Amino acid sequence: MSGALAVPRPVGLDDLTRDRTGHVVRRTWFDRAMRWLLPLLYLVAILPILDLVYWVARGALPSLSLATLTTNPSPGVGSGGGLYAPLVGSVAILAVATGVALALGFLGGLATAEYLDERSAGIVRVTANIMAGTPSIVLGLFGYIAFVTFFGWGPSLAAAGVTLGIFMTPYIFRAADLAYSSVPSHIREAAVGAGARPIQYLLRVASPIALPQVLSGVFLAMAIGVGETAPIYLTTTAVELPPLGLFAPASALPLYIWSGFETGLVLPSAIALAYEAAFLLLVIVVGLNILVRLIAARARRRLEGLFQ
Amino acid sequence: MTVAIVLTLLGASHFQNFGSAFFGFSYGSWGIMTFVVGSFLTSIPALAIAMLVGLGVAIASTTYLPKVLAAWLDPFVDLLAGIPSIVYGLWGLLVIAPYFGTTVFPWSTGHLSWIPGFAPAKFAPTPGIGTSLALAIVILTLMILPITTVLMRDALKSVPRDLWESGLALGATPWEVTRRVALPYAKRGVWGAAFLGFGRAIGETVAVFMVIDQIERLPVNIYSGTSTMASLIIGTFDNALLTNSYGHEYLHYLAELAIVLLAITLAVNVAGRWLIRRTYTEVAGL
Chain A
1 MSGALAVPRP VGLDDLTRDR TGHVVRRTWF DRAMRWLLPL LYLVAILPIL
51 DLVYWVARGA LPSLSLATLT TNPSPGVGSG GGLYAPLVGS VAILAVATGV
101 ALALGFLGGL ATAEYLDERS AGIVRVTANI MAGTPSIVLG LFGYIAFVTF
151 FGWGPSLAAA GVTLGIFMTP YIFRAADLAY SSVPSHIREA AVGAGARPIQ
201 YLLRVASPIA LPQVLSGVFL AMAIGVGETA PIYLTTTAVE LPPLGLFAPA
251 SALPLYIWSG FETGLVLPSA IALAYEAAFL LLVIVVGLNI LVRLIAARAR
301 RRLEGLFQ
Chain B
1 MTVAIVLTLL GASHFQNFGS AFFGFSYGSW GIMTFVVGSF LTSIPALAIA
51 MLVGLGVAIA STTYLPKVLA AWLDPFVDLL AGIPSIVYGL WGLLVIAPYF
101 GTTVFPWSTG HLSWIPGFAP AKFAPTPGIG TSLALAIVIL TLMILPITTV
151 LMRDALKSVP RDLWESGLAL GATPWEVTRR VALPYAKRGV WGAAFLGFGR
201 AIGETVAVFM VIDQIERLPV NIYSGTSTMA SLIIGTFDNA LLTNSYGHEY
251 LHYLAELAIV LLAITLAVNV AGRWLIRRTY TEVAGL
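Sequences listed follow chains A and B, in order. For what it's worth, this note's numbering labels the leading residue of the first sequence as 1, then goes sequentially. For what it's worth, this note's numbering labels the leading residue of the second sequence as 1, then goes sequentially.
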């Protein structure tokens, strides 16, 4: 760019000019050093994740098989078995949580974007953003006090699901709010001008445009929720069987790793199983993240089309 | 929306008879300061490293890397945010801790002992297992690196092209434009990233507990264990399950600790959101 200034300087320049040339050389070299050094910092961010994926895959793949996914963990500490119960439990907890988060977050976001006036919408948005920063352990303790003991649900699928649902709510809220807010105003004006009632506008005009974006937000919330350990640990217990009902304890993949950790992770079979659970979690999380990107990219393209 | 309030009320109903000892250092008489300090001792260094590295990555992404390369590399950084903390914890415990215990710590006790906290203590020799305050900081750094990076990248991306081009046209190098024009312009976003990253770090529970070698006291050096507020809650939660009066008392204690933690994160998040919101409106106003 300014490299041209760094050419060998002509002979016979007076001191002042020579100083200034040196100054330019120094500035240029500093810029060049930064050009090469700063991108190296990407390594600090990316190498650990590659190392993590490598070790988890290395620990999990040799023993991972279809049987791992279809057999229950054996009772007792680190005695092997499969991951059927934690897997089913994770799916069940996530289903309950997504239901709760959709009910709270989607309706909340919809109401904020469509019905609230500017001022109260602003307040609700700030509240939701701040809620998203609540430490999950605090929510977990809240879930324990409220659902497990106060409501008397005990350590159960319901308690864990609702707690996790509250944790996921702000993410879905944000997605729904953003999606409905970003429907172009000329579309609304056209719908209203054509005589659409508000409910018709909402269902027939705004929702088809906004829903894909909401969906990507839901998947993102699920990707974040499925790996959470702290809220689940306090609201359900790790068991060797799939959940028997809404108010029965349900295991989960992160919970399974955690209970493995609590019992020491000494036996090779326990370590392998923990790695397998971690590997499954990674696959689920990365898969959901890719889904989020695909859907979001499609939704963005469609939205851009609307502006033309 | 009301959850935060409900939680506060629930905890407040338990707020009883802990008195001034609550803000003291004695765990035995229900003091919380040990864990507040422990939380800051892990979060602040992690945040400092994550901010420096994150700033470097953000500048590289917006200033130096070709657009195509940045578009390929940045999703990797974003993906880092998606890794569940239990997986970080497992990896930290099984892979990084042994490496730290056998390679890094022997080296750092030998060569870096002039830094306060890096010298081995007489009554707490270097643990060969590697789980320690230092490892917790390292894992925490990796965990908050994506959020600080992404927020600072957004802040730098929001710098108007005009400012950039006028800087370059004046003969400034790209580095000088970044340093003197873009960074001052994106200052609020950078501060916002620091606050939100700190909020994330101080609330991190599972991974920290797995690698911190939890003991309910302050660390003597970076090789010793300690506990943070969050890790204490998850680590000693079993005490609260006891049905005797100690168990009840302990649950109240944890609830109050959770309220203190919540208050800190709320304050930090409000500040961070406020700073970042202002950045956006400034951009929109231009």
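Beta carbons are placed, not taken as given, at the ideal position from N, Cα and C, and that holds for glycine. Since the structure is predicted, the reported quantities are computational estimates derived from the model, not experimental observations.
{"query": "Phe198 (chain B) beta carbon less than 9 Å from that of Ile32 (chain B)", "result": "no"}
{"query": "Leu261 (chain B) vs Ile233 (chain B) beta-carbon contact at 9 Å", "result": "yes"}
{"query": "Nearest-angstrom beta carbon gap, Val159 (chain B) and Ala186 (chain B) [assumed within contact, 8 Å]", "result": "6 Å"}
{"query": "Any beta strand (DSSP E) of 3 or more consecutive residues that is wholly inside the stretch 24–97 of chain B", "result": "none"}
{"query": "Own chain, CB closer than 8 Å to Pro66 (chain B), minus 5 neighbours either side, in chain order", "result": "none"}
{"query": "Pro135 (chain A) (DSSP reduced to helix, strand or coil)", "result": "coil"}
{"query": "Those residues which DSSP pairs with Pro73 (chain A) across a bridge", "result": "A:Gly81"}
{"query": "Between the CA atoms of Glu304 (chain A) and Arg197 (chain A) - distance to the nearest angstrom", "result": "25 Å"}
{"query": "Spatial distance of Pro174 (chain B) from Val205 (chain A) (CA atoms)", "result": "46 Å"}
{"query": "Distance, Phe147 (chain A) Cα to Val138 (chain A) Cα", "result": "14 Å"}
{"query": "When A:Ala113, A:Thr237, A:Ala252, A:Phe219 are compared against Ser185 (chain A), the one with the closest alpha-carbon", "result": "A:Ala113"}
{"query": "Cβ neighbours of Ala223 (chain A) in the same chain (closer than 8 Å, five flanking residues each side left out)", "result": "Ile284, Val285, Leu288, Asn289, Val292"}
{"query": "Minimum C-alpha distance to Ile276 (chain B) - residue among B:Leu73, B:Leu55, B:Val190, B:Ala258", "result": "B:Val190"}
{"query": "Own chain, CB closer than 7 Å to Ala309 (chain A), minus 5 neighbours either side, in chain order", "result": "The requested residue 309 (chain A) is not part of the displayed model; chain A covers only 1 to 308."}
{"query": "Chain B within 9 Å of Thr68 (chain A), Cβ atoms only", "result": "no"}
{"query": "Between the CA atoms of Leu253 (chain A) and Ser39 (chain B) - distance to the nearest angstrom", "result": "27 Å"}
{"query": "Contact check, Phe118 (chain B) vs Ile212 (chain B), beta carbons under 9 Å", "result": "no"}
{"query": "Leu141 (chain A) versus A:Val91, A:Val162, A:Gly122, A:Pro249, residue with shortest Cα-Cα distance", "result": "A:Val162"}
{"query": "Contact with chain B by Glu304 (chain A), beta-carbon distance below 9 Å", "result": "no"}
{"query": "Residue burial classification, Ile130 (chain A) (beta-carbon count within 10 angstroms, cutoff 16)", "result": "buried"}
{"query": "Straight-line Cα distance separating Ser29 (chain B) from Val100 (chain A)", "result": "39 Å"}
{"query": "Pairwise C-alpha distance: Ile147 (chain B) and Glu204 (chain B)", "result": "13 Å"}
{"query": "Chain-ordered neighbours of Tyr180 (chain A) on chain B, where CB pairs are closer than 7 Å", "result": "Residues of chain B passing the Cβ test: none, with the nearest at roughly 17 Å."}
{"query": "Beta-carbon proximity of Leu41 (chain A) to Val57 (chain B), cut-off 9 Å", "result": "yes"}
{"query": "Proximity of Ala85 (chain A) and Pro73 (chain A) at Cβ, strictly below 9 Å", "result": "yes"}
{"query": "Minimum C-alpha distance to Leu220 (chain B) - residue among B:Gly24, B:Phe23, B:Leu170, B:Thr34", "result": "First, the residue type needs correcting, since residue 220 (chain B) is Val and not Leu in the sequence shown. The shortest C-alpha separation from Val220 (chain B) is found at B:Thr34."}
{"query": "Local conformation of Ala60 (chain A) per DSSP, three classes", "result": "helix"}
{"query": "Nearest residue (CA-CA) to Thr62 (chain B), options B:Ser166, B:Trp274, B:Ala155", "result": "B:Ala155"}
{"query": "Rounded distance between the beta-carbons of Arg35 (chain A) and Tyr64 (chain B), thought under 8 Å", "result": "5 Å"}
{"query": "Closer than 9 Å to chain B by CB, Leu141 (chain A)", "result": "yes"}
{"query": "Per-residue contacts from Ser85 (chain B) into chain A (C-beta, under 9 Å)", "result": "Ser136, Gly227, Glu228, Thr229, Ala230, Pro254"}
{"query": "Straight-line gap, Glu165 (chain B) to Ala172 (chain B) (C-alpha atoms, nearest Å)", "result": "10 Å"}
{"query": "Through-space distance from Gln213 (chain A) to Ser2 (chain A), alpha-carbon basis", "result": "For Ser2 (chain A), the predicted structure reports a pLDDT of 47, less than 50, and the residue's modelled location is therefore unreliable. A value from the coordinates is still provided. Near 44 Å, if we compare the C-alpha coordinates of Gln213 (chain A) and Ser2 (chain A)."}
{"query": "Cβ-based contacts, 7 Å cut-off: residues of the stretch 39–73 of chain B near chain A", "result": "Val53, Gly56, Val57, Ile59, Ala60, Tyr64, Leu65, Leu73"}
{"query": "Contact with chain A by Phe22 (chain B), beta-carbon distance below 9 Å", "result": "no"}
{"query": "Contact belief for Leu255 (chain A) with Thr229 (chain A) at Cβ below 8 Å, rounded distance in angstroms", "result": "7 Å"}
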